[in-house]
Structure formats: structure tokens, C-alpha cells
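Engineer: First the structure, which I've put down as C-alpha cells, then a few questions once you've had a look.
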Amino acid sequence: MDSSLIRGRVIGADGALIGRAALTLIDSAGRQVGRTTSEVDGTYHFNVAAGGGHVLIVTAPGHQPQAVTVMVEPNGSRIDVTLTGTSGLSGLVHSAGGAPVPSAAVTLADGRGEVVASRVTGADGCYAFDELVAGSYTLAVSAATLRPVAMTVVVPATGRVTQDVELAGGARVRGVVRVGGDRPVPDARVTLVDADGTVLAATATEPDGSYVFEDVPEGEYTIIATGYPPAASALRIAGGNQSRHDIELSF
2 MDSSLIRGRV IGADGALIGR AALTLIDSAG RQVGRTTSEV DGTYHFNVAA
52 GGGHVLIVTA PGHQPQAVTV MVEPNGSRID VTLTGTSGLS GLVHSAGGAP
102 VPSAAVTLAD GRGEVVASRV TGADGCYAFD ELVAGSYTLA VSAATLRPVA
152 MTVVVPATGR VTQDVELAGG ARVRGVVRVG GDRPVPDARV TLVDADGTVL
202 AATATEPDGS YVFEDVPEGE YTIIATGYPP AASALRIAGG NQSRHDIELS
252 F
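Offset between the sequence shown (1-based) and the numbering used here: plus 1.
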């Protein structure tokens, strides 16, 4: 049979004509039967020998790829293809005090929970994701000695979204339980209670009387030590700091 002409234009979602888009035509068996590039004005054309159903695949930098079904007619077919743009997401990971956080792991997951990209912040604390498909994502950020954060980020069809992330540090609380002024108490039970009376953590002292609680959020607490008559004392935690809190038990 005589060849048929497939022609059309590649257009952006905003109506702009897209040049240098790559177009590939495959037949119903998946074989490539044509390949071309759109002109500066977005136009393209194929001469196709076989009729019937084909698939036209179109890609262009900064846009989502598109595949459309094309029925090749004897008198030719006109197919205009619209490509939606991809978007970007960037931001700064910083501490509660505003200092950049380098070497933070930044992960982006889609609505199904699949990780689509990951980055590590540079010395300036910045991260960037390019060529993202529009939609809702979960942005998760973690760094050594700081508490991880996860949040929802909505990426539009075009443009760039800025999402800065603050990581607060959980404090390290440590101390020694003693009796009689200088004698350490091993196996004393030390309990951390928040301002609402909820027990957050409990541990037993080491042979040298020491104890430690890691990653304690900022707030007001009471520490209770038992082993002799119990002793309770107040403690205030500022995020990211290390606090020493020794406890004296009496007979």
C-alpha cells in the first residue's frame, strides 16, 4: 500500500510550541517504524507504510513523556500531542537555631510510598529535586543527632516549590545516681516522666551508677530514681543540648 502521512504538533500545557521533542512510532507488535524530532515550531511528520493502530511516544526535556494511540488512515492522520511540564522541589534543611544542616538525608516518596528520589544536603544545607511529576509526595529528612521529620508536599504541574525543613535535636540526658554523697548506686531504676505524668523512658543504672536517656524532646520533665527511698527532681530540656543530671539518694 502507499504510505500514509502522520503529522501534527507538539504543544506544552501552556500552549507553547515545543521544538526538539523526540517522537517514536511503534506498531502493534512493538516494533519501531519511525522516529523523528519536532521542528522549532513544534511540527512533526511521519510517512508510514502500514495502516492500522500504532503508538506514538513523545518526550521532551522538562516535560512528562506521553504516549498516544494513532490510527493510520489512507488519507493521513493529524495528531497534536500536549506535554505537561515537570516541576521542581528544593529547600534548606536547618536546625532550630537556623544553622544549615549538611549531610542530611532527604527522601521523596510518592502516594504509594515508593521512593522516587533521594538526596544528601551539601555544606549549605540545601537540597533539590528536578523533573518531578505533579502530585502529592512525602518528604522525609533525617540527620545524625537530630530528630527526623516527615511532611506532605504538593508539587504543581509546572513551576518550582520551595520547602525548608527544620530539624530539632533531641537532648541527651545523663547523670550518676549516688548515695551518701559519693557512693554510686548500681541497678537503681531511673524513670523519665513528662509534664503530663506520662512515663517516656526508664532505665537501670550501670555498675558505676551512671544512666543515660537519648533523644529527649524539649520540655519540662521529672526524673525519679528508686533503689533506696525514691528521689524526684525537676529537669528542663532545651532541644539538641546535652544535659547532666546527677541524683542524690538518701538512706
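We put the beta carbon where it would ideally sit given N, CA and C, even for glycine.
Going straight from the alpha carbon of Val200 to that of Thr85, what length do you get?
Structural biologist: Cα to Cα, Val200 sits roughly 52 Å from Thr85.
Engineer: Using DSSP's beta-bridge definition, name the partner residues of Gln33.
Structural biologist: Note: Gln33 sits in a beta bridge opposite Ile27.
Engineer: What are the residues that DSSP puts in a beta bridge with Arg245?
Structural biologist: BP columns for Arg245 point to Arg175.
Engineer: If Thr159 and Ala14 are in contact, beta carbons under 8 Å, what's the gap, nearest whole angstrom?
Structural biologist: Contact holds; Cβ gap of about 7 Å.
Engineer: Could you tell me if Gln33 is buried or exposed, where buried requires 16 or more neighbouring beta carbons within 10 angstroms of its beta carbon?
Structural biologist: It is exposed - the Cβ of Gln33 has fewer than 16 other Cβ atoms within 10 Å.
Engineer: In three-state DSSP terms, what is Ile19?
Structural biologist: In this structure, Ile19 counts as coil in the three-state DSSP scheme.
Engineer: Closer than 8 Å by C-beta to Ser4: which residues in its own chain qualify, once you throw out the five before and the five after it? Chain order, please.
Structural biologist: Excluding residues within five positions, the ones whose Cβ falls inside 8 Å are Asn48, Val49 and Ala50.
Engineer: Put Gln67 into one of helix, strand or coil per three-state DSSP.
Structural biologist: If DSSP states are grouped into helix, strand and coil, Gln67 belongs with the strands.
Engineer: Sort out for me which residues DSSP pairs Val56 with in a bridge.
Structural biologist: Its beta-bridge partners are Ile27 and Thr70.
Engineer: Counting beta carbon pairs with one atom in the region 113-133 and one in the region 67-79, are three or more of them shorter than 8 Å?
Structural biologist: No: fewer than three Cβ pairs fall under 8 Å.
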